[in-house]
DNA sequence: GCCGTTTTCGGCCCGACTGTTTTCAGTCG
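Quick look at the structure:
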């Protein structure tokens, strides 16, 4: 088992090494090398599979941005544990780039300068230099820079400067947005950036606006009580830290450029770079003000216009990651994504009978209020003691309760469900008779999760082959920020799901967001079905279903792929 | 250091804001 842990660390190790290399090449003024390393660092960090697998299959060049030189470096790292170029540079610049780079306002050049003049190597050194007023004396810095760095360190330490799950701050973002809107100073206002793309985590909030009275509008915005600190404030761009611990960028742009601005600020960066490439190849130029041919504006007012003039289908924000959507849009072959409004039922919820905090009745009432057509109540099974899992007898009582409710012919149908423990050897936690009585059986792994890839995969596959599962719950088991994904061979698992007509869950609970969207795409390639679930443990968490839908869309799913979607649900459950 | 439907060489997205300069480099998204 020990070596598997090491395998899984290789992706993140290589990614940090190339980040460091990029920073050091920046200092060395090797700008293009830096860009190349940074690109590879990013693509490795986004890989679903193992770099070591690609090494064995001699497919390292398949990683985006890896050419012959970087391929050699990766091989050198795997075979010797070191990259000589990295070691040499590391000797020259003995600096903790990883943490220093997270301080707003510090890039490679300034880090290098502080290292050279004051010998600053890490955050502690930096803090001490600020406290003893040494930064402001460094050429190129001044009292304002020093003060800004001090604030940036405070912000970094208070938030961990990490990205937070979108689902946990979505309501706050919406509330703040409504507040800005309520002032009546803006003619147009829209959330852009990763929140518009419905990415599972967000680092800041991007808001695009237009106004007939821009100065007044900016002043109004800066006066809002939610703003804790102003980082930058110009004519068209304001950057602030909100008291809820997030950065927020507001752009004020001319009404005529709103579409171009929205396209630009929605990103992703990689998607935008591709669009600019296409613009250049057509003899045009694309920026946040419009699409231009020479001085002439070709399109600027609407996003649709920009895409159309570039010869592309309009791309839904969720897909804008440069993961094949540009090619598909060029060929007019983008998927018809499953619509949020079509999802009116939840396959994964809990009540206070196990580890939830709302009653059965409260959950059902909340579902009716949301105009759901169905809700599956899926309590934990008996061996998950920490969550007070139910035994056969208690499930039977619960099932009678559900049948009684359904007799009343409510607009809502309640499905008899269980989130069933898949035991260590792949056997199931409840009897076959009971499971056959259930509408929804979600197979899950919560315990003994640190096994190796072969055992974990076999465990899942055995359960899938039992013929008793409807779907498999939060398949990777990752917990954002706290737990790495289980070691699982997903090709084998998805194939087994397809062969046994078992669906794959997309769990919208904020810290799970599981499957990740790239694995959704992979699962879709095996033509499996999907179930969406909020994993709500109380009525106020039912809203997480929307984020499961967002992941489905980011994973290119269409209505026909998702059992929650009206038509599919009727087919499967005969209603 | 990567990459190719004009290219195996010569490109590589583009603009805003800040602080410290005295016209611009560094950083950010």
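In our numbering, the protein residues as written are 3 to 577. No residue lacks a Cβ here, since even glycine has one placed at the ideal position from N, Cα and C. Predicted model only: the values in this text are computed from it and were never measured.
Asked                                                                                                                          : Found
Candidates 410, 426, 394: closest to residue 420 by CA position                                                                : 394
Limits of the unbroken beta strand (DSSP E) element including residue 208                                                      : 206–212
Inter-stretch contact at 8 angstroms, needing at least 3 Cβ pairs: the segment 255–268 / the segment 302–311                   : yes
Delimiting residues of the beta strand (DSSP E) encompassing residue 104                                                       : Unbroken run through residue 104: none, as it is neither H nor E.
Per DSSP, the bridge partner or partners of residue 474                                                                        : 445, 506
Contact check, residue 375 vs residue 415, beta carbons under 8 angstroms                                                      : yes
C-beta contact flag for residue 357 and residue 389 at 8 angstroms                                                             : yes
Cβ pair residue 435, residue 461 closer than 8 angstroms                                                                       : no
Buried or exposed by the 16-neighbour rule on C-beta atoms within 10 Å, applied to residue 583                                 : This structure does not reach residue 583, given that the chain is present from 3 up to 577, and the question cannot be answered.
Selected residue, minimal CA-CA separation from residue 209, among 218, 197, 216                                               : 197
Classification of residue 25 by the beta-carbon crowding that lies within 10 angstroms, buried from 16 upward                  : buried
Candidates 48, 250, 372, 74, of which the one nearest residue 57 by Cα                                                         : 74
Identity of the residue in 298, 338, 294 nearest residue 315 by Cα                                                             : 338
Sequence ranges, alpha helix (DSSP H) only - wholly within the segment 200–264, length at least 4                              : 216–224
Spatial neighbours of residue 360 in its chain, beta-carbon cut-off 7 angstroms, leaving aside the 5 residues before and after : 353, 354, 540, 541
Cα-Cα separation between residue 3 and residue 14, rounded to whole angstroms                                                  : Below a pLDDT of 50, predicted positions are generally treated as unreliable, and residue 3, at 32, falls in that range; no measurement from the model is reported.
Candidates 481, 555, 178, 426: closest to residue 167 by CA position                                                           : 481
Backbone secondary structure at residue 568 - three-state DSSP                                                                 : helix
Start-end ranges of the alpha helix (DSSP H) lying completely within the segment 283–335, minimum 4 residues                   : 305–311, 327–332
Contact check, residue 23 vs residue 91, beta carbons under 8 angstroms                                                        : yes
Buried versus exposed call for residue 440 [16 or more other C-beta atoms within 10 Å across all chains shown]                 : buried
Short Cβ contact (8 angstroms threshold) for residue 579 with residue 494                                                      : Beyond the ends of the chain as shown, which are 3 and 577, falls residue 579; an answer cannot be given.
3-residue-minimum beta strand (DSSP E) runs that sit fully inside the segment 348–434, ordered along the chain                 : 376–382, 415–423
Unbroken beta strand (DSSP E) run spanning residue 191, endpoints                                                              : 190–194
Per-residue DSSP class, three states only, for residue 167                                                                     : strand
Inter-residue spacing [alpha-carbon to alpha-carbon] between residue 445 and residue 344                                       : 25 angstroms
Candidates 243, 264, 242: closest to residue 190 by CA position                                                                : 264
Beta-bridge partners of residue 115, as assigned by DSSP                                                                       : None; residue 115 has no bridge partner.
Simplified DSSP state of residue 345, which is helix, strand or coil                                                           : strand
One or two residues paired with residue 535 in a DSSP bridge                                                                   : 509
Of the listed residues 527, 496, 546, nearest to residue 514 (C-alpha basis)                                                   : 546
Start-to-end residues for the alpha helix (DSSP H) that takes in residue 495                                                   : 492–501
Rounded Cβ spacing between residue 552 and residue 535 (contact assumed at less than 8 angstroms)                              : Going by Cβ atoms, the distance from residue 552 to residue 535 rounds to 13 angstroms, so no, they are not a contact pair.
Identity of the residue in 111, 146, 158 nearest residue 126 by Cα                                                             : 158
DSSP state of residue 481 mapped onto helix, strand, coil                                                                      : strand
Straight-line gap, residue 538 to residue 473 (C-alpha atoms, nearest Å)                                                       : 17 angstroms
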